[in-house]
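Numbering (the working numbering), first residue to last: 449 to 835.
Beta carbons: idealized from backbone N, C-alpha and C, even for Gly.
Just so it is clear, the structure is predicted and the values come from calculations on it, not from any experiment.
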Ligand SMILES: Cc1ncc(COP(=O)(O)O)c(C=O)c1O
């Protein structure tokens with residue numbers, strides 16, 4: 449039976465993630481060191497695991513409220529208020545989701561009507577485009593450039609706004625570049641957002657992983673709270689990727705509608721993970737500090753090594769990625785990453801996995817042990833000498 453003809457046009461039009469393709473390739477190369485994964489190498493801190501085990505032992509195995517445990521929503525509200533000065537009512541303005549992945553999908557499906565345009569700065573996380581298409585929207589890519597520290601430029605944003613534009617996705621701190629946006633830079637974006645009456649989905653999953661600067665939430669900018677859907681989660685901050693927990697915080701008029709999408713697709717996030725997340729928010733500050741200190745050491749080490757090898761590299765201030773330029777090797781991102789994998793035995797992700805203008809770059813993750821980083825950079829040096 450031919451299956452193709454039964455598939456939806458939307459699904460057929462989207463591609464499998466370039467990161468996963470590359471990751472699968474890397475898994476077949478014996479002895480390769482992978483700097484390709486976007487997840488912490490740390491195991492979830494013990495006290496957070498214990499909270500989940502305790503919840504299970506106490507029989508907390510039932511559906512929770514669709515929006516998530518109220519204790520968890522209260523902790524999330526406190527966290528957002530204390531850390532980023534944005535205030536949400538835990539009863540009506542927060543939904544606990546299955547990772548930020550589901551938060552992005554739910555937000556887009558709630559906001560986008562067929563044909564609405566969604567602006568996606570690139571390079572950026574691989575899910576924005578397919579989720580936009582699946583919601584019936586039209587992705588409109590806006591490039592960011594290394595010369596601008598990979599921040600979204602208000603003039604370029606404005607040029608790409610049409611009378612169909614409804615949503616702007618704001619992906620900072622950024623995967624894959626590690627760029628952050630300062631308050632002043634966000635203020636310039638806020639002006640454009642207001643002038644063109646846009647809604648912003650601000651993906652702040654790396655908000656706690658910044659180095660020498662504090663994160664600014666877009667919703668804390670003047671007049672932006674009412675037009676911002678903040679999405680954030682536990683995967684990166686607390687090394688909890690496998691738990692699948694995130695959240696959406698937004699004004700109640702949006703949340704009320706998002707709950708419908710959320711309810712009919714997933715009912716609620718897993719209960720035991722929600723108990724773990726309460727513990728993470730209550731007692732996880734020291735864990736974050738320790739991990740951020742360790743990431744920062746690795747960031748400095750890797751940046752130093754990469755520059756010393758003769759590759760040009762922007763200094764990232766957020767997330768756990770480096771996005772060096774490989775333009776001076778004369779190879780494309782794909783060629784470079786493929787040859788580095790097979791000849792150098794190091795897996796990196798080609799920049800093009802994050803959008804066309806990622807050409808000329810590769811993404812290296814320093815959420816890998818220092819030993820792996822040392823060995824990987826040694827191998828990269830050898831590889832660069834050969835090509
Ligand atoms: C920018 C960004 N947003 C969202 C996600 C999805 O995270 P989660 O594990 O919470 O679904 C990722 C994961 O890599 C990411 O890099």
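Burial state of residue 660, where buried means 16 or more other Cβ atoms lie within 10 Å: Under this definition residue 660 is an exposed residue.
Contact belief for residue 683 with residue 501 at Cβ below 8 Å, rounded distance in angstroms: Incorrect: roughly 20 Å between the Cβ atoms, too far for contact.
For residue 825, the nearest candidate out of 525, 769, 774, 757 (CA to CA): Ranking 525, 769, 774, 757 by Cα distance to residue 825 puts 757 first.
Proximity below 7 Å, CB of residue 448 to CB of residue 641: Nothing can be reported for residue 448: it is not among the residues displayed for the chain, which extend from 449 to 835.
Cβ-heavy atom distance, residue 683 to ligand 1, below 6 Å: Residue 683: yes, Cβ under 6 Å from ligand 1.
Within-7 Å CB hit, residue 611 to chain B: Of the protein chains in this structure there is only one, and it is not chain B.
Chain-order list of residues whose beta-carbon lies under 6 Å from that of residue 753 (same chain, five-residue window excluded): Within the same chain, residue 753 has close Cβ partners 825.
Every unbroken alpha helix (DSSP H) within the segment 561–614, with a cutoff of 4 residues, ordered by chain: Taking only runs of at least 4 residues, the alpha helix (DSSP H) segments lying wholly in the segment 561–614 are 576–582, 602–607.
Close-in-space but distant-in-sequence residues of the same chain around residue 474 (CB under 8 Å, 5 per side omitted): Taken in chain order, the residues that qualify are 480, 482, 484, 789, 795.
Cβ pair residue 626, residue 507 closer than 7 Å: Their beta carbons are not under 7 Å apart, which means residue 626 does not touch residue 507 by this criterion.
The segment 661–675 / the segment 582–594 touching (three or more Cβ pairs under 8 Å): When C-beta atoms of the segment 661–675 are compared with those of the segment 582–594, fewer than three pairs fall below 8 Å, so the two segments do not count as touching.
Euclidean distance between Cα positions of residue 711 and residue 560: Their Cα atoms are separated by approximately 18 Å.
Residue 549 CB to nearest heavy atom of ligand 1 below 6 Å: Here the distance from the Cβ of residue 549 to the nearest heavy atom of ligand 1 is below 6 Å.
Buried versus exposed, by CB contacts within 10 Å (16 or more), residue 511: So residue 511 ends up on the exposed side.
Extent of the continuous beta strand (DSSP E) run through residue 676: Run containing residue 676: 676–681, per the beta strand (DSSP E) assignment.
Proximity winner among 675, 728, 571, relative to residue 806 (alpha-carbon distances): Relative to the Cα of residue 806, the nearest Cα in the group 675, 728, 571 belongs to 571.
Check: residue 689 C-beta below 6 Å from any heavy atom of ligand 1: Under cutoff, so the answer is yes.
Residues that DSSP places opposite residue 618 in a beta bridge: According to the DSSP secondary-structure assignment, residue 618 is paired through a beta bridge with 650.
C-beta atoms of residue 810 and residue 835 nearer than 7 Å: The Cβ atoms of residue 810 and residue 835 lie no closer than 7 Å to each other.
Near ligand 1: residue 694 beta-carbon under 6 Å from a heavy atom: Yes; taking the cut-off as 6 Å, the Cβ of residue 694 has a heavy atom of ligand 1 nearer than that.
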